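S.K.: In this text, residue positions in the sequence shown follow my numbering: the first is 446, and each later residue adds one.
We treat Cβ as the ideally placed atom computed from N, Cα and C, and that holds for glycine.
Quick caveat: nothing in here was measured; it's all calculated off a predicted structure.
Sharing a structure, written as structure tokens. Questions coming.
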Amino acid sequence: MTMSCAKARGVGFVVLVVLLVSSLPAQEPRRVACVGDSITEGSANADARRNSWPLILGRELEVVRPGGFRVANFGSSGATLARRGPKPYREQEVYEKSLAFEPDVVVINLGTNDAVLKTWEVVGPDFAQDLRDLVGVYRALPSRPQVWLSRLTPMFDHHPRFLECQPGRAEVDAVLDAVAAELGLEVIDLGRGLEGRPLLCPDGLHPNTAGNALIAAAVQRALVGEDALPDRSLRPRPVKGEVLGLVEKGRALRAIATGFSAGEHGIEGRGPEAFLEAGVSLAAGDFHLRARLRMLRQENSAAAFHLGDDVFGFEGARGRAFRNGPNMGGLRLLHPSELLWEREAWIDFEVVRNDGTVWFLVDGQIVDMALVSGPVARFGFSPMRSTMQVASWTVVGETRARRPAHLVARTWDL
């Protein structure tokens, strides 16, 4: 059977169109440069290598616009926008890298460090011109990028320098708005989703991962006009397996109780020499630890949970939860403990690991995250200056039995 001439011409046309389209060069992704200080760099968080807001933004954009964007983080902790500041952004290595990146969009979130009282007294008069100059440098790049400014993300009153910074912060935001209007720049309010939500900023200034997700969502809306899809990597996944009881009904079943004894409300220990240590070690995979506990005389006690060489502290200096250790970026104070739970109340404390990311939760609230891979030989609780009562403690995940060897709890200088 022969094909009609009309049909043959139609098929030939379709083939020609397909060949022409396939020969077109692939469209380059739009390059987004995220310029800022530690809030952009993410250095305040122990999981910054995975969950700074630019990294979250890149993942979310890849879901809604596969291959459409390339996002790069050019944040530098402590950087000031002002050239007379203690750490001018334009003198940092990341600044030169941001220029070489030849971005199509530049998001600038600087000014937090300029607003510190003694710094603002020096840099305030030149701040507007320094901002104009920085914008001008980016606009003059061969890629001719759009430049977006951001108002400062919120600072909460549990930050030790809250009152000191308020006048400078108000002036910084006023200058940002004025220069944006003068130069015809779009202003993105990166911190709008954080307002009134102090639990999203453990130290009162730097957003945690949930806060970073809200910042990323604000930039995504500006870029593509769509809200972010839920990023499942920002919540711990359930860990499947048999539940192994370490402490049940106040009795240590698979735990080494040094300085702990049975009490009316559970196994109870007090003092810096006491340590409740698991009688098993954790394999390199996922796990889920859960404990029901409370602390009496908790104030500034340095009571903590130890995970290998790392520690999550329930309350240290200035009444703050804290973290410390090689995977935690050193010692850092987190939320005021009273923001997380009422003192002497029973809490559900959980530690969950998914693919190397460890989550610390209190009563279902994510308090902190860190990247901790590999086996964990020893883990447990130290009451330090508090009295700690543990009613139950379980683990789900692959474990190894081990010989009873006491893990010496470190005394954290808090």
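#1: Below 8 Å CB to CB, which residues in the same chain sit around residue 613 once its five sequence neighbours on both sides are set aside?
#2: If you follow the beta strand (DSSP E) that residue 776 is part of, which residue opens it and which one closes it?
#3: Can you list, in chain order, the residues of its chain whose CB lies under 7 Å from that of residue 686, leaving out five sequence neighbours each side?
#4: With respect to the alpha helix (DSSP H) encompassing residue 795, which residues constitute its N-terminal and C-terminal limits?
#5: What are the residues that DSSP puts in a beta bridge with residue 781?
#6: What are the partner residues of residue 816, as DSSP defines its beta bridges?
#7: Three or more C-beta pairs closer than 8 Å, one from the stretch 729-737 and one from the stretch 777-794: is that the case here?
#8: Suppose contacts are defined by Cβ-Cβ distances below 8 Å. Is residue 596 in contact with residue 618 by that definition?
#9: Would you identify the three-state DSSP class for residue 572, choosing helix, strand or coil?
#10: Taking only three categories from DSSP, how would you classify residue 410?
#11: Looking at the unbroken alpha helix (DSSP H) that takes in residue 837, where does it start and where does it end?
#12: Which full runs of the beta strand (DSSP E) of 3+ residues lie inside the stretch 575-618, going along the chain?
#13: Where does residue 478 sit, in a helix, a strand or coil, going by DSSP?
#14: By the three-class DSSP mapping on this structure, what secondary structure does residue 492 have?
#15: Give me whichever residues DSSP pairs with residue 750 in a beta bridge.
#16: For the stretch 653-719, list the beta strand (DSSP E) runs that are entirely contained and at least 3 residues long, ordered along the chain.
#17: Should residue 818 be labelled buried (16 or more other beta-carbon atoms within 10 Å of its own) or exposed?
#18: Give me the residue from 755, 505, 706 with the minimum Cα distance to residue 514.
#19: Tell me whether the stretch 650-660 and the stretch 481-493 touch, counting them as touching only if at least three CB pairs, one residue from each stretch, are closer than 8 Å.
#20: Report the rounded CA-to-CA distance for residue 609 versus residue 602, giving the unit in angstroms.
#21: Indicate whether residue 576 and residue 624 have their beta-carbon atoms separated by less than 8 Å.
#22: If we call anything under 8 Å between Cβ atoms a contact, is residue 743 one with residue 757?
#23: Rounding to the nearest angstrom, what Cα-Cα distance links residue 807 and residue 497 in this structure?
#24: Tell me which same chain residues have a C-beta within less than 7 Å of the C-beta of residue 846, skipping the five on either side of it?
#25: Express the C-alpha separation of residue 774 and residue 574 in angstroms, rounding to a whole number.
#26: Report the three-state DSSP secondary structure of residue 638 (helix, strand or coil).
#27: When DSSP labels each residue in this structure, what does residue 643 get in the three-state scheme?
#28: Can you round the beta-carbon distance between residue 479 and residue 517 to whole angstroms, since I take them to be within the 8 Å contact cut?
#29: How should residue 466 be labelled, buried or exposed, when 16 other C-beta atoms within 10 angstroms of its C-beta is the threshold for buried?
#30: Can you tell me whether residue 710 is buried or exposed? The criterion is at least 16 other CB atoms within 10 Å of its CB, across all chains shown.
#31: What is the residue span of the beta strand (DSSP E) that residue 545 lies within?
#32: Examine the Cβ distances between the stretch 586-596 and the stretch 536-554 and report whether three or more of them are shorter than 8 Å.
#33: Which whole-angstrom value is the C-beta distance of residue 704 and residue 695, which I expect to be below 8 Å?
#34: Give the straight-line distance between the Cα atoms of residue 784 and residue 701, rounded to the nearest whole angstrom.
#35: In the DSSP assignment, find the alpha helix (DSSP H) that holds residue 483 and state where it starts and stops.
#36: Would you check if the distance between the CB atom of residue 647 and the CB atom of residue 780 is smaller than 8 Å?
M.R.: The short version:
#1: The sequence position of residue 613 within the sequence shown is 168, counting from 1. These residues qualify, in order along the chain: 559, 560, 561, 562, 564, 565, 569.
#2: Residue numbering aside, residue 776 sits at position 331 when the sequence shown is read from its first letter. It is not in any beta strand (DSSP E) - residue 776 carries neither H nor E in the DSSP assignment.
#3: The residue you call residue 686 lines up with position 241 of the sequence shown. The residues are 841, 842.
#4: Locating residue 795 in the sequence shown gives position 350, where the first residue counts as 1. Looking at the DSSP string, residue 795 is not in any alpha helix (DSSP H); the run it does join, the beta strand (DSSP E), is 792-799.
#5: Against the sequence shown, residue 781 aligns to sequence position 336. Listed as beta-bridge partners of residue 781 by DSSP are 765.
#6: Residue mapping note: residue 816 aligns to position 371 of the sequence shown, counting from 1. For residue 816, which the question treats as bridged, DSSP gives the partners 802.
#7: Between the stretch 729-737 and the stretch 777-794, the count of C-beta pairs closer than 8 Å reaches three or more; the two stretches touch.
#8: As a first step, residue 596 must be located in the sequence shown, where it is residue number 151. As a first step, residue 618 must be located in the sequence shown, where it is residue number 173. The answer is yes: Cβ separation under 8 Å.
#9: The count along the sequence shown starts at 1 and reaches residue 572 at position 127. Here residue 572 sits in helix by DSSP.
#10: Any answer about residue 410 is impossible in this case: the structure gives the chain only from 446 up to 859.
#11: Your numbering for residue 837 matches position 392 in the sequence shown. Judged by DSSP secondary structure, residue 837 falls outside any alpha helix (DSSP H) and instead within the beta strand (DSSP E) spanning 829-846.
#12: DSSP runs (the beta strand (DSSP E)) wholly in the stretch 575-618: 591-595.
#13: Locating residue 478 in the sequence shown gives position 33, counting from the first residue. Residue state for residue 478 is assigned as strand, using DSSP reduced to three classes.
#14: For the purposes of this step, residue 492 is taken as the residue at position 47 of the sequence shown. Annotated three-state conformation of residue 492 is coil, per DSSP.
#15: To locate residue 750, count along the sequence shown from 1; it is residue 305. Answer by DSSP bridge pairing, in chain order: 757, 826.
#16: Whole beta strand (DSSP E) segments, 3+ residues: 688-693, 700-703, 705-708, 711-716.
#17: Numbered from 1 along the sequence shown, position 373 holds the residue referred to as residue 818. Counting the other Cβ atoms within 10 Å of the Cβ of residue 818 gives fewer than 16, which makes it exposed.
#18: Here residue 514 is taken as the residue at index 69 of the sequence shown, counted from 1. Taking only the C-alpha atoms, the option nearest residue 514 is 505.
#19: At 8 Å Cβ cutoff, the stretches touch.
#20: If you number the sequence shown from 1, residue 609 lands on position 164. If you number the sequence shown from 1, residue 602 lands on position 157. The C-alpha of residue 609 lies about 11 Å from the C-alpha of residue 602.
#21: Walking along the sequence shown from the start, residue 576 turns up at place 131. Walking along the sequence shown from the start, residue 624 turns up at place 179. In this structure, residue 624 lies closer than 8 Å to residue 576 by Cβ.
#22: Within the sequence shown, the letter at position 298 stands for residue 743. Within the sequence shown, the letter at position 312 stands for residue 757. Not closer than 8 Å, so no.
#23: Taking the first residue of the sequence shown as 1, we reach residue 807 at position 362. Taking the first residue of the sequence shown as 1, we reach residue 497 at position 52. Pairing residue 807 with residue 497, the inter-Cα distance amounts to about 22 Å.
#24: The count along the sequence shown starts at 1 and reaches residue 846 at position 401. Around residue 846: 725.
#25: Stepping through the sequence shown from its first residue, residue 574 is reached at position 129. Stepping through the sequence shown from its first residue, residue 774 is reached at position 329. Straight-line Cα distance between these residues: approximately 36 Å.
#26: Numbered from its first residue, the sequence shown carries residue 638 at position 193. Of the three classes helix, strand and coil, the one that applies to residue 638 here is helix, per DSSP.
#27: Working through the sequence shown from its first residue, we reach residue 643 at position 198. Here residue 643 sits in helix by DSSP.
#28: Against the sequence shown, residue 479 aligns to sequence position 34. Against the sequence shown, residue 517 aligns to sequence position 72. In this structure, residue 479 and residue 517 form a Cβ contact; the two beta carbons are roughly 7 Å apart against a cut-off of 8 Å.
#29: On the sequence shown, residue 466 is found 21 positions in, with the first residue counted as 1. Residue confidence for residue 466 is low, a pLDDT of 41 falling below 50, so the modelled location carries little weight; the figure read from the coordinates is stated next. So residue 466 ends up on the exposed side.
#30: Locating residue 710 in the sequence shown gives position 265, where the first residue counts as 1. For residue 710, the number of other beta carbons within 10 angstroms of its own is below 16, and it is reported as exposed.
#31: Locating residue 545 in the sequence shown gives position 100, where the first residue counts as 1. Per DSSP, residue 545 belongs to no beta strand (DSSP E); it is in the alpha helix (DSSP H), 538-545.
#32: When C-beta atoms of the stretch 586-596 are compared with those of the stretch 536-554, three or more pairs fall below 8 Å, so the two segments count as touching.
#33: Stepping through the sequence shown from its first residue, residue 704 is reached at position 259. Stepping through the sequence shown from its first residue, residue 695 is reached at position 250. At roughly 16 Å, the Cβ-Cβ gap does not stay under 8 Å, so residue 704 and residue 695 are not in contact.
#34: What you label residue 784 is simply residue 339 of the sequence shown in a count that begins at 1. What you label residue 701 is simply residue 256 of the sequence shown in a count that begins at 1. When only Cα atoms are considered, residue 784 and residue 701 end up about 32 Å apart.
#35: Position 38 of the sequence shown holds residue 483. Per DSSP, residue 483 belongs to the alpha helix (DSSP H) from 483-486.
#36: Within the sequence shown, the letter at position 202 stands for residue 647. Within the sequence shown, the letter at position 335 stands for residue 780. Yes, these two residues count as a Cβ contact at 8 Å.
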